[in-house]
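Asker:
There are 2 protein chains.
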Amino acid sequence: MAGKTIVVVGAGPVGALAALFASSRGYQVHVYELRPDLRNAGTQPLNFTKSINLALSERGIHALRSTGNNELVQSILERTIPMHGRMIHTRSATGTISQQSQLYDVHGRYQRSIDRGEINDILLDHLASLPNVKLFFQHKLTGADFQKKKAWFEMMDKPSSSGRAREIEIDFDLMIGADGAHSATRFHMMKFARLDYQQEYIDCMWCEFKMAPNASGDFAIHPNRLHIWPAGAFMFIALPNLDKSFVCTLFGPVSLFNRLEQSSQDEIVATFDKYFPGVTDHIRPDDLVQQFRRNPHLPLINIKCSPYHFSDSVVIVGDAAHAMVPFYGQGMNAGLESVRVLFSKLDQLSRVDEALAAYTDERKADAHAIADLALANYTEMRSSVTSPVYKLRKQIEEFLYHYAPGLGWATQYSRVSFSNTRYSEVIIKSQSQKQILTWLLGSVITGGTYAAFKIFRKFFRQH
Amino acid sequence: MAGKTIVVVGAGPVGALAALFASSRGYQVHVYELRPDLRNAGTQPLNFTKSINLALSERGIHALRSTGNNELVQSILERTIPMHGRMIHTRSATGTISQQSQLYDVHGRYQRSIDRGEINDILLDHLASLPNVKLFFQHKLTGADFQKKKAWFEMMDKPSSSGRAREIEIDFDLMIGADGAHSATRFHMMKFARLDYQQEYIDCMWCEFKMAPNASGDFAIHPNRLHIWPAGAFMFIALPNLDKSFVCTLFGPVSLFNRLEQSSQDEIVATFDKYFPGVTDHIRPDDLVQQFRRNPHLPLINIKCSPYHFSDSVVIVGDAAHAMVPFYGQGMNAGLESVRVLFSKLDQLSRVDEALAAYTDERKADAHAIADLALANYTEMRSSVTSPVYKLRKQIEEFLYHYAPGLGWATQYSRVSFSNTRYSEVIIKSQSQKQILTWLLGSVITGGTYAAFKIFRKFFRQH
Numbered sequence: 001m002a003g004k005t006i007v008v009v010g011a012g013p014v015g016a017l018a019a020l021f022a023s024s025r026g027y028q029v030h031v032y033e034l035r036p037d038l039r040n041a042g043t044q045p046l047n048f049t050k051s052i053n054l055a056l057s058e059r060g061i062h063a064l065r066s067t068g069n070n071e072l073v074q075s076i077l078e079r080t081i082p083m084h085g086r087m088i089h090t091r092s093a094t095g096t097i098s099q100q101s102q103l104y105d106v107h108g109r110y111q112r113s114i115d116r117g118e119i120n121d122i123l124l125d126h127l128a129s130l131p132n133v134k135l136f137f138q139h140k141l142t143g144a145d146f147q148k149k150k151a152w153f154e155m156m157d158k159p160s161s162s163g164r165a166r167e168i169e170i171d172f173d174l175m176i177g178a179d180g181a182h183s184a185t186r187f188h189m190m191k192f193a194r195l196d197y198q199q200e201y202i203d204c205m206w207c208e209f210k211m212a213p214n215a216s217g218d219f220a221i222h223p224n225r226l227h228i229w230p231a232g233a234f235m236f237i238a239l240p241n242l243d244k245s246f247v248c249t250l251f252g253p254v255s256l257f258n259r260l261e262q263s264s265q266d267e268i269v270a271t272f273d274k275y276f277p278g279v280t281d282h283i284r285p286d287d288l289v290q291q292f293r294r295n296p297h298l299p300l301i302n303i304k305c306s307p308y309h310f311s312d313s314v315v316i317v318g319d320a321a322h323a324m325v326p327f328y329g330q331g332m333n334a335g336l337e338s339v340r341v342l343f344s345k346l347d348q349l350s351r352v353d354e355a356l357a358a359y360t361d362e363r364k365a366d367a368h369a370i371a372d373l374a375l376a377n378y379t380e381m382r383s384s385v386t387s388p389v390y391k392l393r394k395q396i397e398e399f400l401y402h403y404a405p406g407l408g409w410a411t412q413y414s415r416v417s418f419s420n421t422r423y424s425e426v427i428i429k430s431q432s433q434k435q436i437l438t439w440l441l442g443s444v445i446t447g448g449t450y451a452a453f454k455i456f457r458k459f460f461r462q463h
Numbered sequence: 001m002a003g004k005t006i007v008v009v010g011a012g013p014v015g016a017l018a019a020l021f022a023s024s025r026g027y028q029v030h031v032y033e034l035r036p037d038l039r040n041a042g043t044q045p046l047n048f049t050k051s052i053n054l055a056l057s058e059r060g061i062h063a064l065r066s067t068g069n070n071e072l073v074q075s076i077l078e079r080t081i082p083m084h085g086r087m088i089h090t091r092s093a094t095g096t097i098s099q100q101s102q103l104y105d106v107h108g109r110y111q112r113s114i115d116r117g118e119i120n121d122i123l124l125d126h127l128a129s130l131p132n133v134k135l136f137f138q139h140k141l142t143g144a145d146f147q148k149k150k151a152w153f154e155m156m157d158k159p160s161s162s163g164r165a166r167e168i169e170i171d172f173d174l175m176i177g178a179d180g181a182h183s184a185t186r187f188h189m190m191k192f193a194r195l196d197y198q199q200e201y202i203d204c205m206w207c208e209f210k211m212a213p214n215a216s217g218d219f220a221i222h223p224n225r226l227h228i229w230p231a232g233a234f235m236f237i238a239l240p241n242l243d244k245s246f247v248c249t250l251f252g253p254v255s256l257f258n259r260l261e262q263s264s265q266d267e268i269v270a271t272f273d274k275y276f277p278g279v280t281d282h283i284r285p286d287d288l289v290q291q292f293r294r295n296p297h298l299p300l301i302n303i304k305c306s307p308y309h310f311s312d313s314v315v316i317v318g319d320a321a322h323a324m325v326p327f328y329g330q331g332m333n334a335g336l337e338s339v340r341v342l343f344s345k346l347d348q349l350s351r352v353d354e355a356l357a358a359y360t361d362e363r364k365a366d367a368h369a370i371a372d373l374a375l376a377n378y379t380e381m382r383s384s385v386t387s388p389v390y391k392l393r394k395q396i397e398e399f400l401y402h403y404a405p406g407l408g409w410a411t412q413y414s415r416v417s418f419s420n421t422r423y424s425e426v427i428i429k430s431q432s433q434k435q436i437l438t439w440l441l442g443s444v445i446t447g448g449t450y451a452a453f454k455i456f457r458k459f460f461r462q463h
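Protein chains in written order, with UniProt numbering: chain A, 1 to 463; chain B, 1 to 463.
1) Just the chain B side, please: which residues come within less than 7 Å of Glu-261/A by C-beta, in chain order?
2) Flag Glu-169/B as yes if its beta-carbon sits less than 8 Å from any beta-carbon of chain E, otherwise no.
3) Any idea if Asn-214/B is buried or exposed, counting beta-carbon neighbours within 10 angstroms, 16 or more meaning buried?
4) Can you list, in chain order, the residues of its chain with a C-beta nearer than 6 Å to that of Leu-300/A? Leave out the 5 residues immediately preceding and following it.
5) Is the segment 295–313 of chain A touching the segment 358–378 of chain A, taking contact as three or more C-beta pairs under 8 Å?
6) Check the DSSP bridge columns for Thr-90/B and list the partner residues they point to.
7) Going along chain A in order, which residues have a C-beta closer than 8 Å to the C-beta of Pro-299/B?
8) Out of Pro-131/B, Pro-223/B and Val-341/B, point me to the one whose CA is closest to Arg-112/B's CA.
9) Which term fits Glu-78/A, buried or exposed, when burial requires 16 or more other beta carbons within 10 angstroms of its beta carbon?
10) Sort out for me which residues DSSP pairs Glu-167/A with in a bridge.
11) Could you round the C-beta distance between Asp-171/A and Lys-4/A to whole angstroms and report it? I think they count as a contact, below 8 Å.
12) Relative to chain A, which residues along the segment 196–224 of chain B have a C-beta separation below 8 Å, given in chain order?
13) Suppose the cutoff is 8 Å on Cβ atoms and the five residues either side in sequence are ignored; what does the same chain contact list for Phe-153/B look like?
14) Arg-293/B: buried (16+ other C-beta within 10 angstroms of its C-beta) or exposed?
15) CB-CB under 7 Å to Ala-18/B, same chain, minus the five flanking residues each way: which ones, in chain order?
16) On the three-state DSSP scale, how would you describe Phe-418/A?
17) If you measure between the beta carbons of Ile-237/A and Ile-228/A, is that distance less than 8 Å?
18) Put Ala-144/A into one of helix, strand or coil per three-state DSSP.
19) Count the CB pairs spanning the segment 183–196 of chain B and the segment 194–201 of chain A that are closer than 8 Å, and state whether there are at least three.
20) In the DSSP assignment, find the beta strand (DSSP E) that holds Glu-208/B and state where it starts and stops.
21) Check this for me: beta carbons of Leu-356/A and Val-14/A, under 8 Å apart or not?
22) Under a Cβ-count criterion, where at least 16 other Cβ atoms within 10 Å of its own Cβ denotes burial, should Phe-399/B be classed as buried or exposed?
23) Look at the Cβ atom of Glu-118/B, then the Cβ atom of Phe-418/B, and state whether they are nearer than 8 Å.
24) Determine the direct distance from the alpha carbon of Pro-277/A to that of Gly-95/A, and round the result to whole angstroms.
25) Could you spell out the range, first to last residue, of the alpha helix (DSSP H) harbouring Asn-333/B?
26) So, at 8 Å on beta carbons, what are the nonlocal neighbours of Ser-424/B in its own chain, with the 5 sequence-adjacent residues on each side left out?
27) Which residues mark the beginning and the end of the alpha helix (DSSP H) in which Ser-23/B is found?
28) Do Leu-342/B and Trp-206/B come within 8 Å of each other at the CB atom, strictly closer than that value?
29) Three-state secondary structure (DSSP) at Gly-68/B?
30) Residues in the same chain with beta-carbon distance under 7 Å from Val-254/A, minus the five sequence neighbours each way, listed in chain order, please.
31) Please tell me whether Arg-109/B and Ser-414/B are closer than 8 Å, where the distance is taken between their beta carbons.
32) Cβ of Thr-49/B less than 8 Å from any chain A Cβ?
33) Suppose contacts are defined by Cβ-Cβ distances below 8 Å. Is Phe-251/A in contact with Phe-272/A by that definition?
34) Tell me the rounded alpha-carbon separation between Gln-66/A and Phe-146/A.
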């Protein structure tokens, strides 16, 4: 198919990676992006509906490395900040504020915080240097005929003499839709494919805040942690930036947001002080209130659909195919991985329609799995992290993981964040480990320690 | 709110009824329809993606009557053909073709077959005569701002000098979206409301056929029946028209359609003769094959969503809110009923946003219920109708229904088709009847007849 044209809709990190893969396979690659060129817009996305900071973990890095361009990957990794674990901020019954560090991985592996704009800029700069890639900004997909392989875009920067945006018609061999949760590609694909589709808003809104560096110009709180202020029904988190600021997010049910939107400045500050101890030491109360009132209050959507393709004509990746809630930090990673899987199928199978179908088959199960895990992690982050039972389980699991790596024991978190094991397999392995753990502990208590150990060992030899 | 403007999007039967209700409440009513004026298009809808014949039953009639215009209702009923029951066409093991009549209702109530074009024409003609209603055809909804209550339509019949369709901007107080399963109103509403949405294609395609009158100009088969050729995994049905023809539909899994699409003329005819005995006596084999190849093969979609409204600005009705599979003949009836419920809430509550919320609350449960019943009826129609157990259950149920009406016993079918009981209550009542029936029969068998009867009677006094 070299020499043919791949059109990528959406120039975010996922679309940019798709363009990079397509370019390396010798296609003519045309990338169409609704928004203006983001590279000169600073770190603030124009519509501010996407988080500024993202967690980049193994799957995302592996997908980037699979382009074969190590220099590019290195330049991205240099713009990340390691987060070795969570920092849990709580207040004790006596009123003392405490910070408790929970490392992500007994083997020292970590998450990386990266600015969405930075990774995007690096990828787009690289794409712009490639001879077979063309970038078009402010082009809005307004229609597509996936039988005839034609699409229409409105050029939003070039109105005609009548003041209306002008429309162009283009031809393509394959369209890759990487245009996010509210994907226009998916919308037009639905008119051709019999798409099962489900979108669900969870009862959780979010609002971003900036925590500036402290008076001496340094990070206000530990730079190498994902900070969490868990408050049961809601939470506040902070991720570090290279400029020593933090991007913070308030997550909470609609009712909390409704209440705060009606609240006075003092009431808002009091709510923060009650539930998120220490935050107003680092974000000035009046600034905090201003940010809450100025910054958008946004919903969270969970999208599952299938198939991800139609014929040999169009395929969707990233949030367009599987938007998930952000609580596992896997949104972008899953999106980048989808691109890697898509191109591995295109490499393996000579017929494009079969490759796209194989991509749907494999990826659907994994995308549904991580979507479910991400939802479950919301409960863990906002409440479980403080429970003694949670901490005990985590300790036992980490003990086994550390001292018995030969047995293949690993925590669910490490399999999701630090491996490339298929998400659907992660769920299966975690469930079976959970059964073993329950049974093992039961046996230890009832005295059958050695017998338990033997069966335990046998299990792991088999799995 | 009289004097304010209600915009109805979609001029099908459901949209037309909404306009009629709105008009009678004194609103200014503007109806926008994507297609050209349907009234002069004959019985064939232009895009042929909707069934030509529809079943009109109690709920639909009740909703029409609720406009208070009995003359209008009468003129619609005069254009219907009663279907008193099903006619099941089968072939016995010895090869004999048999027709078995199953009446719908022991009290003689019946379904009515009506041409979609006819009911639409009557409603539109009436609307066109009302001083506070304006109809706009070939107007395509291209955008809406449900905060500012503005919408944009493309006038498809009036291209500008540059050859492009012209766009108009309109204001409204309330928009009612009655624009079908692929509703543009719903699509734009989704940008404002946090809409949980699910669409699912079932593994069933459909294709329509026309069965002309016989050589003597009369109905080829019994005019007052809904004819079914059940074939296990698929089925063929026929509904009567006033011109003595029948509109027939083949329903079957994708695999059947794929196979028939690859088949020769002889193979198609052989398949029909094998599974739908007698059909080729009434539709000439070459005509049957031509119709199968010429007429579109269309999917079936099931749509559930919530909420049905945003603020006091927009609300969706009919297929736009709850597209269902056609196997209970309730699609249009549920749509018309939704309009009735919507206006009853608008009449009861002075605040429009509260009325719309009350409509969502009530209607969501009922729409989900009938969607599930319609899916379940697919199994009943294509296979259960021929099973001895099904027939026995039906007989017992009908016996109780006939001889014990005072007990409140009624079949699920009659509650759905011949009453205005909320669909969600129909499910609850049917389930509790099923339990009673099972238990009653068990008791009869074990000899406790009188005791059973007493408890049985007691149950119905309570319910």
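Ideal Cβ placement from N, Cα and C applies to all residues, glycine included.
Answerer: Answer, in terms of the structure:
1) Proximity of chain B to Glu-261/A at the Cβ level (cut-off 7 Å) is not reached, the minimal Cβ distance being about 15 Å.
2) Absence of chain E from the displayed structure is noted, the protein chains being A and B.
3) Exposed: under 16 other Cβ atoms inside 10 Å.
4) Ile-202, Cys-204 and Val-325, listed in sequence order.
5) Yes, since at least three Cβ pairs between the segment 295–313 of chain A and the segment 358–378 of chain A fall closer than 8 Å, the two stretches touch.
6) Beta-bridge pairing links Thr-90/B to Ser-98/B.
7) Residues of chain A passing the Cβ test: Arg-194.
8) The shortest C-alpha to C-alpha distance from Arg-112/B to any of Pro-131/B, Pro-223/B and Val-341/B is the one to Pro-223/B.
9) Note on Glu-78/A: under 16 other CB atoms within 10 angstroms of its CB, so exposed under the neighbour-count rule.
10) Its beta-bridge partners are Glu-154/A.
11) That pair is no contact at about 10 Å.
12) Within the segment 196–224 of chain B, the qualifying residues are Asp-196, Tyr-197, Gln-198, Gln-199, Glu-200 and Tyr-201.
13) So the qualifying residues of the chain are Tyr-32, Phe-136, His-139, Lys-140, Leu-141, Thr-142, Glu-167, Ile-168 and Ile-170.
14) Looking at its Cβ environment, which holds fewer than 16 other Cβ atoms inside 10 Å, Arg-293/B is exposed.
15) Excluding residues within five positions, the ones whose Cβ falls inside 7 Å are Val-8, Ile-176, Ala-178, Val-317 and Val-339.
16) Phe-418/A falls in the helix class under three-state DSSP.
17) Using a Cβ distance threshold of 8 Å, Ile-237/A and Ile-228/A count as a contacting pair.
18) It is a strand residue.
19) They touch, by the three-pair rule.
20) From DSSP, the beta strand (DSSP E) with Glu-208/B extends over 196–211.
21) Their beta carbons are not under 8 Å apart, which means Leu-356/A does not touch Val-14/A by this criterion.
22) It counts as exposed.
23) Taking 8 Å as the Cβ cut-off, Glu-118/B and Phe-418/B do not qualify as a contacting pair.
24) The straight-line gap from Cα to Cα measures roughly 9 Å.
25) Segment 331–348, the alpha helix (DSSP H) holding Asn-333/B.
26) The answer, listed in chain order, is Ala-365, Asp-366, His-368 and Ala-369.
27) Judged by DSSP secondary structure, Ser-23/B falls within the alpha helix (DSSP H) whose first and last residues are 13–24.
28) Contact: no.
29) If DSSP states are grouped into helix, strand and coil, Gly-68/B belongs with coil.
30) Residues Asp-203 and Met-205 of the same chain have their beta carbon placed closer than 7 Å to that of Val-254/A, with the five preceding and five following residues left out of the count.
31) A contact, by the Cβ cut-off of 8 Å.
32) Because Thr-49/B sits at a pLDDT of 45, beneath the cut-off of 50, its placement in the model cannot be relied upon, and the point is left open.
33) The Cβ-Cβ distance between Phe-251/A and Phe-272/A does not fall below 8 Å.
34) A small correction: the amino acid at residue 66/A is Ser; Gln does not occupy that position in the sequence shown. A straight-line Cα-Cα distance of about 29 Å links Ser-66/A and Phe-146/A.
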